[in-house]
Amino acid sequence: MPKLTIDGIAVEVPPNTTILQAAESVGVEIPRFCYHDRLSIAGNCRMCLVDVEKSPKPVASCAMPVGEGMVVHTKSDRANKARGGVMEFLLINHPLDCPICDQGGECDLQDQAMAFGADRGRYHENKRAVKDKYMGPVVETVMTRCIHCTRCVRFATEVAGVPQLGATGRGEDMEITTYLEGALSSELSGNVVDLCPVGALTSKPYAFNARPWELRKTESIDVMDAVGTNIRVDARGRVVLRVLPRVHEDVNEEWLADKSRHACDGLRYQRLDQPYIRKGGKLQSASWDEAFAVIVGKVRGMSGAKFAAIAGDTVDAEAILALKDLATALGSNNIDCRQDGAALDANVRASYIFNSTIAGIEQADALLIVGANPRKEAPVLNARIRKRYLKGNFPICVIGDVGDLTYKYESLGANPDVLSQIAGGSHPVANALKNAKKPMIIVGMAALTRADGAAILATAKAVADNCGLIKDGWNGFNVLHTAAARVGGLDVGFVPNAGGKDTRGILDGASKGEIDVVYLLGADEIDTAKLGKAFVIYQGHHGDRGAHRADVILPGAAYTEKDGTYVNTEGRVQRGLRAVFPPGDAREDWTIIRALSEKLGKTLPYDNLAQVRARMAFVNPGFAAVDKIQPAAWKAFGIAGSISPTGFDYPVKNYYMTDPISRASRTMAQCTEEFVLAGQQKTGTHG
Amino acid sequence: MSTRSLAKEQPASFAFSSEMMERANKIIAKYPAGRQASAVIPLLDLAQRQEGWVTKPAIEEIAKILSMAPIRVLEVATFYTMFNLSPVGKTHVQICTSLSCWLRGSNEVVKACKEKLGIGMGERSPDGKFSLAELECSGACVNAPVIQIGDDYYEDVDYASTGKLLDAFKRGETPKAGSVTGRDGSAPAGEAITLSEKPTPPAKQDFSAAKAAFEKAKAEAAAKAAAPKA
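Line by line, the protein sequences give chains A and B. This note's numbering puts the first residue of the first sequence at 1, with every later residue one more than the last. This note's numbering puts the first residue of the second sequence at 1001, with every later residue one more than the last.
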């Protein structure tokens, strides 16, 4: 452990730490452009020069390992002068167009020029000009501003695993570009905008929208996938202008997937801002009282068995709990939060969460993926798998046809029955798992939503039991969800008890006429044609599939418009805060259900959020521990059966459009056009 | 030097000839497994030797052979000015215009080339036989001015000798590479002007006294060793 002195502070750090990291550990900040914690060290911007005693010249602290007895001065005259020189060089070719630059106000170069720059330049030659590059629908480029830190190149190559960015030419002619100016085809491409220390790469949808100091920043949780990415919602007035990631080392580190980042413009379109009632086949706007009156007329006095409720993919746990309490009060047992029909067992928590945890992926040493496509279903989690893969000694096997996952894997074919062979021990992968210290299996929704989903779940459990995935302090059985609300719904217990109908049963019942009233709480991913003649109440925020079929629409709040609790795929309870108010007459979801319960004469026993959350903690004590994962006990689950040899049908076919918000988003439509429909013939009505 | 990018018009495909492929495989085999990307520069060179210039399909083919991302190969190809990213003439004439050559009259050489070939810098003659380019310091300053044609340097050129050289190439000949004034490598041009006097032999010394003293000491030592111990 080398000991050194930084600005008079003695510090002892592990060997191979760099001076910059050592300085950071004692709170000494060193300016930098190219250095980034989560990327490899480039050492090309020279902004982090420090003065080291006995060294003849200033040292680039980001790339210099600490040495025993080093005496470092980060604020000496020589260090400051060196940085001033570097800054002057950087500004030779940097256009000083801050007034028209979107990075203005949150620009590293701007900030550091304030600290180290001179008030005027000594160079009178023309600045260089660089042609802007096309990098896809979400990244805007003004390449003249680029200072060649290569953070974006390193991010694309290392973290995102799509080596499409590079620096061509050399010297003054160096340019950052994608190969032949193609779009950056990564689900994490938006992160290069955060990484860019200047305004060379900015957000295309957010271009010229706002200045950072105009925005109200609210910490929240993303609902576009089940990772539970920590986000910051930036809003001005009533409009959400952008979504940025927050750092959470155990969940998303500091990355954010493109859909989560850029679907926020969908919050402005196709909104349900007032109740609607279907009259004569047409939806007509109505008041809350009228809408409730229609529902009360239909539901009051009805047998509970004829009432059913389905909860959607992006709903908060509060609303799910309120709807469960309402259904129970009405005497109905037909409730389900698994609108995709996944064969998940709500009674055994270990059967439906990502037990190893996302951070735990980094400790694993063997991985089997069954019926999941992490790149499309959870890009941030996929980046974690890639991070582990890059460290080496991490064999990855995949059952199913998933295409490029940004890392190498051994494909075990498309036939899911291979899993039975692994469970039986006759497949070589079984031995690989047994020999590993911390093996993992990830079971995806493509496997669990099939008719034989329960059998696959049981076989996966057998693999876990037989191949040593369950050990002291390690549970290698993981379910990768695609919906942010799913684990919360299962934790609340929004599933039918014995005798009740699940999603398939509800839809069958509705088409046969056994179910009269179906309450859809933000549920849009079901086959609405199967609802038959049932009276459909849709509560949600977007005029999507559910609302099209609805007989009464109750306008709810989207995830940025309510305080909500979400449980991510690892079972981590997280709370998002309200960033803006819901539009028009729309209300927070649990309050709508609470108001309806009163009209139905079954008033729910809570009047404010604190009481709802107390009730949640009563139903499942885990809800009281925010940002914690309750370890789940390993019990029996799944129903043994035979597995059909047909390949998996993956739920996320178009990554950019999976829920009502992303389907309403124009940015996501452009991404779909660029990446999913690429090569498709354009028709006369095209753009 | 201007921004280097791929030419607009590109051939549809590229494949190494069997002879070139054999050479490429030999080069790749020099590097340990998993490090075959190290062969990217020689392979780009082979592609350029085969086609005359580095084409986009060649970049993609090399990327495939070496399991690299195409952008990584493009980075290398655009970095080194020795790779021609657009078609060049059969005789590619590169004139060094860096400081030493310029001081020794490279402007006149440029003028000769332009006049003789009827094309400007960075251009190719309509018949595709000649092309002209500027070369940054060719590293042969001692023989300035220098022009590079193909792989060969022609040194000590001036307006007249450049014209003669190009005429020879036009006739389809390949003049002998090196100094056109006939000097040997970078030896002084013309007569040597230093170290011209006869070298002085070392001063004569008489070593006989020293030799006699040495012999005497040797004999005494031998006698001492042979005498019986007292």
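Glycine residues also receive a C-beta, built at the ideal position from the N, C-alpha and C atoms.
Are the C-beta atoms of residue i and some chain B residue less than 7 Å apart?
| i | result |
| --- | --- |
| Gly-444/A | no |
| Gln-164/A | yes |
| Thr-168/A | yes |
| Tyr-179/A | yes |
| Asp-7/A | no |
From the beta carbon of residue i, is the nearest beta carbon of chain A less than 7 Å away?
| i | result |
| --- | --- |
| Ala-1037/B | no |
| Thr-1055/B | no |
| Arg-1023/B | no |
| Arg-1004/B | yes |
| Ala-1012/B | no |
Considering residue i, what are the terminal residues of the alpha helix (DSSP H) in which it resides?
| i | result |
| --- | --- |
| Gln-670/A | 666-671 |
| Gln-421/A | 418-424 |
| Asp-627/A | No alpha helix (DSSP H) contains Asp-627/A, which DSSP labels as neither H nor E. |
| Asp-258/A | 258-262 |
| Asp-51/A | No alpha helix (DSSP H) holds Asp-51/A; the beta strand (DSSP E) holding it covers 49-52. |
| Phe-116/A | 108-116 |
| Ala-1040/B | Note that residue 1040/B is Val in the sequence shown here, rather than Ala. Residues 1040-1051. |
| Ala-460/A | 453-466 |
| Lys-376/A | 374-377 |
| Gln-1148/B | That residue, Gln-1148/B, is in no alpha helix (DSSP H); its beta strand (DSSP E) goes 1146-1149. |
| Gly-297/A | 288-299 |
Would you kindly work out how many angstroms separate the C-alpha atoms of residue i and residue j, rounded to a whole number?
| i | j | result |
| --- | --- | --- |
| Arg-338/A | Ser-185/A | 31 Å |
| Glu-377/A | Arg-349/A | 21 Å |
| Gln-1148/B | Thr-1081/B | 14 Å |
| Pro-137/A | Trp-213/A | 25 Å |
| Phe-581/A | Lys-562/A | 8 Å |
| Ala-1047/B | Arg-232/A | 51 Å |
| Leu-330/A | Asp-491/A | 21 Å |
| Cys-1096/B | Val-1109/B | 9 Å |
| Ala-610/A | Thr-560/A | 19 Å |
| Pro-1145/B | Pro-1188/B | 15 Å |
| Met-1001/B | Asn-478/A | Its pLDDT being 43, under 50, Met-1001/B is placed unreliably in this model, and the value from its coordinates should be taken loosely. Approximately 56 Å between the Cα atoms of the pair. |
| Asn-393/A | Ile-1071/B | 27 Å |
| Ala-1221/B | Ala-1210/B | 17 Å |
| Ala-692/A | Ala-464/A | Residue coverage of chain A in this structure runs from 1 to 687, which leaves residue 692/A outside it and unanswerable. |
| Ala-633/A | Pro-621/A | 15 Å |
| Ala-1140/B | Gly-1150/B | 16 Å |
| Ala-558/A | Arg-587/A | 10 Å |
| Leu-1132/B | Gly-1118/B | 10 Å |
| Pro-555/A | Glu-290/A | 13 Å |
Under the DSSP definition of a beta bridge, which residues are partnered with residue i?
| i | result |
| --- | --- |
| Arg-338/A | Arg-338/A pairs with nothing; no bridge assigned. |
| Ile-442/A | Ile-369/A, Asn-478/A |
| Asn-278/A | The amino acid occupying residue 278/A in the given sequence is Arg; Asn does not appear at that position. Arg-278/A is bridged to Leu-283/A. |
| Phe-535/A | Val-517/A |
| Pro-65/A | Thr-18/A |
| Asn-230/A | Ile-221/A |
| Asp-1152/B | Ile-1149/B |
| Pro-428/A | None, per the DSSP bridge assignment. |
State the start and end residues of the unbroken beta strand (DSSP E) segment that holds residue i.
| i | result |
| --- | --- |
| Asn-744/A | Nothing about residue 744/A can be read from this structure; chain A reaches only from 1 to 687. |
| Tyr-1159/B | Run containing Tyr-1159/B: none in the beta strand (DSSP E); it sits in the alpha helix (DSSP H), 1159-1170. |
| Cys-1101/B | Where Cys-1101/B is concerned, there is no enclosing beta strand (DSSP E), although the alpha helix (DSSP H) it sits in stretches over 1099-1103. |
| Leu-201/A | 201-203 |
| Lys-282/A | 282-285 |
| Lys-1218/B | That residue, Lys-1218/B, is in no beta strand (DSSP E); its alpha helix (DSSP H) goes 1208-1226. |
| Ile-176/A | 175-178 |
| His-73/A | 71-73 |
Checklist entry - Relative to chain B, which residues along the segment 96-121 of chain A have a C-beta separation below 9 Å, given in chain order? => result none
Checklist entry - Any residues in the segment 1065-1088 of chain B with a beta carbon nearer than 9 Å to a beta carbon of chain A? Which ones, in chain order? => result Met-1068, Ala-1069, Pro-1070, Ile-1071, Arg-1072, Leu-1074, Glu-1075, Ala-1077, Thr-1078, Phe-1079, Tyr-1080, Thr-1081
Checklist entry - What residues from the segment 309-337 of chain A come within 7 Å of chain B, judged by C-beta to C-beta, listed N to C? => result none
Item to check | Short-range partners of chain B found in the segment 403-417 of chain A, where Cβ spacing is below 9 Å | outcome: none
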